[in-house]
Structures are given as C-alpha cells and as structure tokens.
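Residue numbers (our numbering): 70 to 756. From the three backbone atoms N, C-alpha and C, an ideal C-beta is built for every residue, glycine too. Here is the structure we will look at, set down as structure tokens.
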Amino acid sequence: MVASFILTGANAGTELADAGPTVRWLLPVVEVFQNTALATLIGSLLFAIGIVPRFTDDTVGKAHYNMAHTYTKDQRIANLKREQYPAFSAIMNLASASSVVWALTSIAQLVLAYAEISGRAVNTSETYTEELASYITTITAGQAQAFTVGVALVVSSLTFAVRSLTSLLLTLALSLLGIVTLALTGHSSGGDDHMGAVNSLGLHVLGMSLWTGGLITLAYISRTISRADAGTGTVAGRRDSTLASRRVSMVVAVLKRYSTVALFSFVLLLASGVINASLRMNSWADLTSNYGMQVVLKLALTVMLGAIGVAHRVRLIPAMESGKTSGIRGLWQAIIAELIIMGAASGLAVALSRTAPPKSDELPVDATPVRIITNYEMPPEPHVIEWFTQWRLDWFWVSIIAFLAFVYVWAYTRVRALGGKRSPLRLASWLVGLTLLFYATSGGLAVYSQVLFSAHMVEHMSLTMIVPTFLVLGAPVTLLLTALQPRQDGTRGPREWILRLVHSTWSKVITNPLFAGFNFAGSLVLMYFTPMFGISMRYHVGHEFMLVHFLLTGYLFVLVLIGIDPIPYRPIYPFRLLLLIATLGYHAFIGIAIMHGNSLLLASWFGNLGRPWGGSALEDQQLGGAIMWGMGEIPTMLVAVIVAIQWASSDTKLTKRLDRQADRDNDAELKAYNAMFEELNDADARR
C-alpha cells in the first residue's frame, strides 16, 4: 500500500483543502485494519456456524446423534452444561476481538474521513464537533459511515452475548451489512453504470472477506485443532487409540470445508474484480494509468492466490489424508504463502480505492433529467426488438442465478450418479425459472422498468407469479436433501441448515397459508401506496430489496399451493383453490384502482424523466394497472390447473392405496363396516 501511494502519488496533498499528512496517511492505515477486522469477523463466524463443531462430545463419538442440530427447549438447556470444543471457543474469542477492532476502527474512519473531506485537521472545538454532526446527519457518505459504526457496535455486543449457532448465523448476516456500506461509499457509487459498479464492488468485497477472514481464522485455530488434548479421546483414564486419526480427520475436514469456501470466494473475487475494473476504465489504454497498473497487479496477485489454493486442494489434502504430511505442518503449508500474498493484495485494494479511476464518478455538467434521476441515460423507444436487445446486467442477481444453477445441476447429477430418480422436467423447470429471473432483473424489463410504470408492473408480476411457479416445480429443497450427505461430527452443514430452517418456528409462520396469502396480496398496498415505492426506486439497496421481496413472497405463496418440498403445514386442495381465487380477486381490485387513478403514484420520478417517446406518465401508469389486472390471470390459471391435477392425482393415489390394502387383508375394513350396520339392523329388529 505504501509503495503504491509513493509510486502513484495517490495520497498526495491537495492545494484547495488538505487536512495534513497525519490524516492522509493514517486514514488508509485505519481502513486496512477496518477491512481486515470485518473480514476476520465474517470468516470466524462462518467457521463457527458450519466448519468446526460446537461441543467436544460431538467429536469423540460420545453423541449418538448430531446434537448441534436439535432445537428443543430441553436440549438448549442441556447445551449450557456441555463442554465447548476448544477450536469453537478460540473462534468465538477471535470473533469477539475482531468485532471490537471493527467497531473502533469504524469510529476512527468516520472521524478521519470527515477530516479529509473538509480539509481540516481533527480537533475538539465546538465548531468542528457541530460540523462533524452535520456530516453524519446530512451527507450520504457520513450517514453510511455512521450506520457502519452502529452495526459494528451491535455485532460486537452479540459476539460476546450469544453462542447458539442460529444466533451466530443472524450475527453473521448483520455483519454483512458492513460490506453493503463499503460498496455504496466507494468509487463505484458513481459512474455510468451505477448499479453494476456498486453490485460488483459489493461482491468483490464479499469474496475477499470470506477468503481473507477464513484464512486468518484457519491460522488462528491451526494449533488448537492439531493439538492432542489429554482430556479428549480418553476412555476410563486410557488414551483413545484412535485419537490421532480423529485429530487428523478433523484437520482434513476443516481444511476441505475451508477450501470449498475459498474456491467459491476466488471465483467471486476474480469475476467481480474484472467487472468492476472494466466499469471504471474507458478503454484498454487505461491499463497503463496509475489506476490500471494497480488493477493489473492486483489481478496477478489474485490469480497467484487461486493457483496456490488449487495446489493445496489437489496435492496437500490428499497427502494429509494418506498420512504423508502431518496435520499442523500441512495446515501451515496452506496458510503461510496465502497470507503473505493476501496481505499485499489487501493493502493494494485500499490504495486502489483511494486512486481516482480513469472514468469520472461525477455526473456530467449537461446531464439530462433521466440521468440525474435514474443514473442512466434514456433507453430508446421500446419496440419488439428493443425488449430483447436492451440489457443492463445486475451483477447481484447474475451471481445468485449462476450459483443457484450450478448447485441445482450439481445436486441433480449427484442424485442420478447415486442411482436415484429425478425427473428431467424438474431440472428444465428450474432452469427456465432462472432464465426468466435473469431476463426480469437484467434484460429489457429491468431497463424499461426504470422509466415506464407499465414495464415495472410486468417485472413485478413476473417476479411474483411467473418465475416462482417454475422454481417451485423444480423442488430444490427435496433435491438437496437427497444429494447432500449428513454430517457426523456435530457441525451444521448445508443439509443440516436446510432441515433447521424447514422445521423452525419462522418457517411455520411464513409458510402458513393465511400468512403467505396475506403477504402476497398485502405487499401490493405496501409497495404502491406507501413511501416504500419511492424508496425502492430512488435507493439502490431499496431497489434490490424490492426485487428480493417480490420473488420471495411469490415463491412462498406458490410453494404453499403446488410445491412438493417439505413445509410444516400444507392446506387441503379446496382451501388452496379458495386462497388462489381470493388472491386473484384482490390483484384485480388493486389493478382496477391503479387503472382508474387520476394522479401519479410517484410523480417525482415518472413525472420528471422528460421521456421523449410514448404516452404521458399517467397513461402509462393506467396501462400498468391494466397489466396487473389482466396479466395476473394467466399464471393464476396455470397454478389452478396444477392444483387441480395434483388434487386428482392425490385422489387416484389414495384409491390405489386403499385397493392394495383391501387386497392384502381381504377387504377386512369393508367387512367390519358392513358388520357394524348388520348389528345396528339386528338391534332395531329386536326393538
């Protein structure tokens, strides 16, 4: 980092306002520690919830079942008396320490960032304090940094207070908000492709955090998981003869699980880094600029890290399994080289974030109204061809879709290889659903939904009714539960987390038919007749949340109606049809209300775009209402047909089952039924 600053001059003072060399040099150092602490926190929490066991008795064969996967009240009380696995305790100590460092460095970063922006050295005067408070409350960058401080303080408290795996998962999810603020306040917050730049930067930081944090955690617990504990593996005072093999097995298991995370992180890091860099440069010639040369160097370091990781996966782990390499030696062979290169890459990343990219982040002085409002230029008038040629890749959704496609195909292939049966139609349905999701979030619908309410409504209906139908028919949970092997060492792998979610209280609530139906229908009012609509259009995070919400509400609703994946409760078929009809009627009511409305729902957005083609914004909004009314009928009828087919199939299966039972017991149930009536007739005759 220091070398990069010296060579490029990125940290030189400015003539207009300079807070001084102390602020200029201290701020990037603080940011390095801040990013490293956040990465360590994320990595350690990931290890705690899915890579190492929580309790000692799960690792030495004393537990007859994976006790970490139970969630009864009695078991939670019993867990308080069980001995924690040493590596788990070490990991939580690391998580607690890193969370404190993250909180402190976030506070320091906030203060120093304001000093740099204002060009004033840090001081304790009343005026300076008032200006700092104004920065926090009125400026976007200050608000984001203050939000990070708040999240860091909450996460820090949780790392000391909670130890259950579910609570730690929620803590991990909360800590990921720190990545969101980093993406929103970086260079990528501006530029020609605002959405693509922010999303690619966020994915890049996520990949780096998982990889770096996991590696630091692995280094921290290496001796703990390799050391032979005299109290572990003893039986009646005698040392367990299989202790060494168990110890090596645990080391190998941890290294295998981390290497899987590292592989995922490498792919995410490399792809998102290339994408983000391309958005920050105008042409290949910019690779010779200060910014471009740092990008090339960082890319080279990333490729080197990937090559080392592959070598460890291919050579080191098999050598450890065969006993050719000891546990502690093998671990440090995997750690040292990666730590050195990763440290250089992390420092370079901070230097890169403080170097001005060739492509300016600022809006041009002659920016059009649509560019000011949406961050993009006006697309051409939509004819048939434009709906398929206009693309704006949302890298957040692209990464999710690619991941879901890969996991499903892997699970499908694995089940077939093990001799299981899996319908190709379900595979096709899943891939069709993902393809439609890709188009809705990155294709013509996504482009025109920013300037046309009608296109926004088509996108909404696609995400809530069309895409979920295909995804639910793919039955991904059933497939994964068949393909994934259960763990035996007390850790929660993907299969255990899926089962935990399926049987959780939260699942019972969100998959309740009444809740799913109310959530599906009520979201329309919350989205279009409250300030949520403006938030989802104006703010990047709000927009992504809107898309996620649309998809999940639709998926849960369709899952209750036609899904075969396990859920706590699924209603009888007549109630499913009744729920579907009621929801369709509510959709039609809202659609008609919008269609006959005489005022714009979001006039500050759709009314100020200066669109040179098409009808007025109000006419387009009324068209959107008609689309909601009419478009909802087609997927609803499709779901209704599927419900009817499943109902008929269920009756047929029941009839066949009863016939088989009658064949086995020679109609014993029917004979008993007839005998009952004969006894009643005899009793009546005797009267």
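Query	Result
Can you tell which of Ala156, Gly211, Thr580, Phe507 has its C-alpha closest to the C-alpha of Ala177?	Gly211
For Ser718, which three-state DSSP category applies?	helix
If you draw a straight line from the alpha carbon of Glu390 to that of Trp479, how long is it in whole angstroms?	25 Å
How long is the line joining the alpha carbons of Gly591 and Phe598, rounded to whole angstroms?	11 Å
Please work out which residues of its chain come closer than 6 Å, Cβ to Cβ, to Leu496, disregarding the five sequence neighbours upstream and downstream, and give them in chain order.	Tyr481
Are there three or more Cβ pairs, one per stretch, closer than 8 Å when the region 455 to 464 is compared with the region 497 to 506?	no
Whole angstroms is fine: what's the gap from Ala425's alpha carbon to Tyr360's?	7 Å
Look up Gln212 in the DSSP assignment and say whether it is helix, strand or coil.	helix
Could you tell me the alpha carbon to alpha carbon distance between Tyr289 and Leu115, rounded to whole angstroms?	14 Å
Tell me, which residues are paired with Phe124 by DSSP?	Gln153
Starting from Phe598, trace the alpha helix (DSSP H) in both directions and tell me its first and last residue.	From DSSP, Phe598 is part of no alpha helix (DSSP H); its letter is neither H nor E.
Compare the C-alpha of Ile160 against each of Glu152, Val121, Arg151 and name the closest.	Val121
Alpha carbon to alpha carbon, how far is Val267 from Lys428? Give it in angstroms, no decimals.	15 Å
Give the single residue among Leu625, Pro704, Leu687 whose Cα lies nearest to the Cα of Ile650.	Pro704
For Ile631, is the classification buried or exposed, using 16 other Cβ atoms within 10 angstroms of its Cβ as the cut-off for buried?	buried
Distance, Cα to Cα, Leu550 vs Arg491?	13 Å
Report the three-state DSSP secondary structure of Trp682 (helix, strand or coil).	coil
Per DSSP, what kind of secondary structure is Arg556 in: helix, strand or coil?	coil
DSSP on Gln519, reduced to helix/strand/coil?	coil
At 4 residues or longer, what runs of the alpha helix (DSSP H) sit wholly inside the region 337 to 421?	359 to 380, 386 to 391
Compare the Cα-Cα distances from Arg349 to each of Thr206, Leu96, His263, Val476 and report the closest residue.	His263
With a CB to CB cut of under 7 Å and the five nearest residues on each side skipped, what residues in its chain are close to Ser523?	Asp689, Leu692, Gly693, Ile696
Per DSSP, what kind of secondary structure is Gly660 in: helix, strand or coil?	helix
What does a CB cutoff of less than 6 Å around Asp298 pick up in its chain, not counting 5 residues either side in sequence?	Bear in mind that the predicted position of Asp298 carries a pLDDT of just 40, short of 50, making it unreliable; the figure below should be weighed with that in mind. Contacts found: none.
If I measure Cβ to Cβ from Ile567 and keep anything under 7 Å in the same chain, skipping five residues before and after, which residues do I get?	Val546, Leu549, Leu550
Using the C-alpha atoms, what's the distance from Ala369 back to Thr357?	15 Å
Please go through the same chain and pick out, in chain order, the residues whose beta-carbon is closer than 8 Å to the beta-carbon of Val223, but skip the five residues on each side of it.	Leu243
Give me, in chain order, the residues of the same chain whose beta-carbon lies closer than 6 Å to that of Ala346; leave out the 5 immediate sequence neighbours on both sides.	Val364
Quick one: using the 10 Å Cβ neighbour count with 16 as the cut-off for buried, is Glu407 buried or exposed?	buried
Rounded to whole angstroms, what's the CA-CA distance from Leu181 to Ala213? Just pull it up for me.	14 Å
Beta-carbon within less than 6 Å of Ser352's beta-carbon, same chain only, minus the 5 sequence neighbours each way: which residues are those?	none
Once the 5 residues before and after Met526 are set aside, which same chain residues still bring their CB inside 6 Å of it?	Gly693, Ile696, Met697
Check Arg423 in the structure and name its three-state DSSP category.	coil
Going by C-alpha distance, which of Met606, Ile633, Arg123 is nearest Ala672?	Met606
Determine whether the beta carbon atoms of Ser328 and His381 lie at a separation below 9 Å.	yes
Give the straight-line distance between the Cα atoms of Leu241 and Glu152, rounded to the nearest whole angstrom.	23 Å
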